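Each residue of the sequence shown is one higher than the one before, starting from 307 at the first, in our numbering.
Just below is one structure, and these are the notes that go with it.
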Amino acid sequence: NAIIDNLISARQATPMIIVMPFGYTQLPGTQPAGVGPGGGRDLFARDLIEDVIPFVENTFRVLIDREHRALTGLSMGGGQALFIGLRHLDMFSYVGGFEPAISSGRRALRNKEAARMSSACPGACARKTIVAGAKKASG
Numbered sequence: 307n308a309i310i311d312n313l314i315s316a317r318q319a320t321p322m323i324i325v326m327p328f329g330y331t332q333l334p335g336t337q338p339a340g341v342g343p344g345g346g347r348d349l350f351a352r353d354l355i356e357d358v359i360p361f362v363e364n365t366f367r368v369l370i371d372r373e374h375r376a377l378t379g380l381s382m383g384g385g386q387a388l389f390i391g392l393r394h395l396d397m398f399s400y401v402g403g404f405e406p407a408i409s410s411g412r413r414a415l416r417n418k419e420a421a422r423m424s425s426a427c428p429g430a431c432a433r434k435t436i437v438a439g440a441k442k443a444s445g
């Protein structure tokens with residue numbers, strides 16, 4: 307957890323707020339749901355978009371435009387980042403999945419980008435790193 311602090315101190319990274327919410331979202335009084343279709347994946351997406359991001363924006367002094375927001379994750383978090391980020395490109399200029407856990411079930415992949423990604427590496431997505439980002443306009 308000190309790596310990014312060291313980079314910021316050395317002026318090798320832009321100061322930023324890193325938010326790491328618990329990925330197993332659950333409704334009050336229920337057990338944590340899984341991440342597959344119909345599981346906690348949709349609840350986590352809703353929680354992140356409707357609760358976590360507005361909380362951060364209302365609590366801290368942050369830039370709230372798309373160009374200053376990224377979404378990344380590792381393993382299950384990588385799958386969640388791709389699932390959420392590719393569906394909300396209006397909110398995130400960078401989306402990254404590091405060794406993402408992506409469901410191979412076609413029902414779980416409603417987004418055309420995610421479906422293409424899944425077919426590009428069937429059964430092996432857990433060993434891949436996928437990063438998508440917006441290019442800065444020159445000028």
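For every residue, glycine included, the Cβ atom is placed at its ideal position computed from N, Cα and C.
In this text, all values refer to a predicted model and were calculated from it rather than measured experimentally.
Checklist entry - Taking just the CA atoms, how far does residue 358 sit from residue 327? => result The alpha-carbon atoms of residue 327 and residue 358 are separated by roughly 8 Å.
Next on the checklist: Spatial neighbours of residue 355 within its chain, please: C-beta separation below 8 Å, excluding the five flanking residues on both sides.
Outcome noted: 390, 394 and 397
Next on the checklist: Tell me the residue span of the alpha helix (DSSP H) that contains residue 362.
Outcome noted: 359–365
Checklist entry - Using DSSP with H/G/I as helix, E/B as strand and the rest coil, what is residue 391? => result helix
Next on the checklist: Tell me the DSSP secondary structure of residue 386 in three-state form.
Outcome noted: helix
Checklist entry - Per DSSP, what kind of secondary structure is residue 349 in: helix, strand or coil? => result Residue 349 carries a helical assignment under DSSP once its states are collapsed to helix, strand and coil.
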